[in-house]
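Below: one structure, written as structure tokens.
Residue numbers (our numbering): 101 to 191.
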């Protein structure tokens with residue numbers, strides 16, 4: 101073989117190797133990006149679940165406060181009736 105042919109073959113092989121390495125790196129970066137993106141999505145799901153739990157807790161607290169307020173209102177109403185009855189008896 102002539103020297104020129106050997107050089108052309110070596111250059112062609114080097115180009116093919118460079119293309120294969122480049123493709124492998126690109127695939128590796130894509131795989132890593134997909135893993136990071138998947139992890140981010142899992143964290144997003146977890147965040148939404150935590151927020152839902154917080155909201156449920158807040159709703160339960162608000163419900164308990166509303167029940168207490170209702171009981172206090174009923175008690176105040178009962179006191180008002182009692183005082184009114186006392187006033188009616190004195191007249």
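We treat Cβ as the ideally placed atom computed from N, Cα and C, and that holds for glycine. Only a predicted model underlies this, so the values are computations on that prediction, with no experimental measurement involved.
- The beta carbon of residue 184 sits closer than 7 angstroms to none of the beta carbons in its chain outside the five residues before and after it.
- Taken atom to atom, the span from the alpha-carbon of residue 156 to that of residue 171 is near 22 angstroms.
- Separation of residue 133 and residue 126 (C-alpha to C-alpha, rounded to the nearest whole angstrom) is 10 angstroms.
- Judged by DSSP in its simplified three-state form, residue 182 adopts helix.
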